[in-house]
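One structure below.
Residue numbers (this note's numbering), protein chains in the order written: chain C, 1 to 324; chain X, 1001 to 1193.
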């Protein structure tokens, strides 16, 4: 289902009134064909990798992830989209496997190479987190172009010391102190298909990217320069989907009216597709080929899981034109 | 409320006040100053984008795009006329697209001022979108469009124009290069920066 874009403006207007007339600037991420990206299901299952950041106790990290999800979920009652937390049950990798994953990078800020000899891809040290969205690229097919197939969040625990700002900051160890919830709530916005509310030169936004009112998003530097004088620019800077953050910032923990209006407009409850399929077991690279990493650990389920993995491999092969 | 609880609360408040920093520093993308871009760059060039090609990497886990740039002005680590390749995360291959938020982008034929560093066997724009400045003509002058996070936009005071003359930026780059402490160009670890 493609949410009706023609309704977006109306819904946004309703949201604007409902939120006390706040200025809005939300922006959707778009494909090269200029169609906004979107999830077609009613829900997104999110599962962290089994190895979490060592900066905080594992149970606390899980609580923060759940809290981050709830920050959105508790505010988007007018939307059909649900973010469903799945506790970690083993190793997971951020990759194109149709399984939205939250992955902490602790040893190296890199996506590991594969079992067939590809080298690892390392990320920029200045990125606290990276969200990757895979989508259907069919510019001439309005119905399918932009359909999100997978999205992963990778967190840079190599250069950032994640902590919970509700507690005393930990002793610094040279890494940047970063509130985990603040980071996650922002990245979850990307995962749902939101773009930053400002743009910068060469940031990959297609030229056709506009906010929900049809305006080109302002330059981030313009917002930063003028936010003290212009209330509208300040409101843009206050959104959870603004591109930068203050040190130890926590204000992005709570989606603003603008952020909430975006999700409600893109995924309105009235257009709930009423489908919520949990991703199937995925193929996982390890030791030179596809290996299963099932959700459950029941030995009796292995043949079914193997069949599922084969089907998934075949499906991915169809999408990507590669062998699994 | 016990005395101990009050003490802890007071300490918490005090720590929050003391630790609050007025500068815009940490981020989803940590803003980098021109000096920081220069400090990390192994190649600094002005060049023209002559082609791009996207492909799968890491056994099909991700898409990257290799961007070829013909060097028209070599500042560091390259020669004029040379074609260098810089990689960016994301792109489209067939019917699949991959978007990485904050990553640099390039257009065929455009001119850029590029700060590139080597990571995992390929060169990337330093600071993702921040290390790629787009060059345009304005009133007969070549201007560099500063990306998010240049030193000029970090502080709340002294905000510089978003678009600056290319020569002015290059002068700043040369000064930063001159001030850069000599260090071995190879074998540096990304993790230690």
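Note that beta-carbon positions come from the ideal geometry of N, C-alpha and C, so glycine has one too.
Computed from a predicted model, the values in this text were never measured in an experiment.
Contact fails between the stretch 184-191 of chain C and the stretch 226-236 of chain C, because fewer than three Cβ pairs, one in each stretch, are under 8 Å apart.
With a threshold of 9 Å between beta carbons, residue 262 of chain C makes no contact with chain X. DSSP places residue 147 of chain C within a strand segment (E or B) once states are collapsed to three. For a Cβ distance threshold of 7 Å, nothing in chain C lies close to residue 1074 of chain X: the least Cβ distance comes to about 21 Å. Taking each of X:1060, X:1082, X:1113 and X:1101 in turn and checking the Cα distance to residue 1167 of chain X, the smallest one comes out for X:1113. Assignment of beta-bridge partners to residue 1055 of chain X by DSSP yields X:1064. Of the candidates C:194, C:43, C:172 and C:164, the residue whose Cα lies closest to the Cα of residue 253 of chain C is C:164.
For residue 68 of chain C, no beta strand (DSSP E) segment is defined; the enclosing uninterrupted segment is the alpha helix (DSSP H) at 58-73. Excluding the 5 residues flanking it on each side, residue 1143 of chain X has same chain C-beta neighbours closer than 8 Å at 1135, 1136, 1137, 1163, 1164, 1165 and 1166, in chain order.
Scanning C:107, C:136, C:61 and C:199 for the CA closest to the CA of residue 48 of chain C turns up C:61. Pairing residue 193 of chain C with residue 29 of chain C gives a Cβ-Cβ distance under 9 Å. When X:1120, X:1069, X:1088 and X:1117 are compared, the shortest CA-CA separation from residue 1109 of chain X is found for X:1069. The criterion of a C-beta distance shorter than 9 Å is satisfied by residue 1088 of chain X and residue 1103 of chain X.
Between residue 52 of chain C and the set C:225, C:275 and C:92, the nearest pair of CA atoms involves C:92. Against chain X, a Cβ distance below 7 Å from residue 110 of chain C picks out 1120. The C-beta of residue 1092 of chain X comes closer than 9 Å to at least one C-beta of chain C.
Listed by position along chain X, the residues whose Cβ is nearer than 7 Å to that of residue 120 of chain C are 1120.
The straight-line gap separating the alpha-carbon atoms of residue 280 of chain C and residue 1061 of chain X is approximately 17 Å.
Selection C:222, C:120, C:251 and C:149 evaluated against residue 1145 of chain X yields C:222 as nearest (Cα-Cα). When the beta-carbon positions are compared, residue 160 of chain C and residue 171 of chain C stay at least 9 Å from each other.
Assigned with DSSP and collapsed to three states, residue 1129 of chain X falls in helix.
Per the C-alpha coordinates, the member of C:150, C:218, C:139 and C:199 positioned closest to residue 1130 of chain X is C:199. When secondary structure is reduced to three states using DSSP, residue 168 of chain C falls in the coil class, being assigned neither helix nor strand. Look at residue 124 of chain C: its C-beta is under 9 Å from a C-beta on chain X. The beta carbon of residue 138 of chain C sits closer than 9 Å to some beta carbon of chain X.
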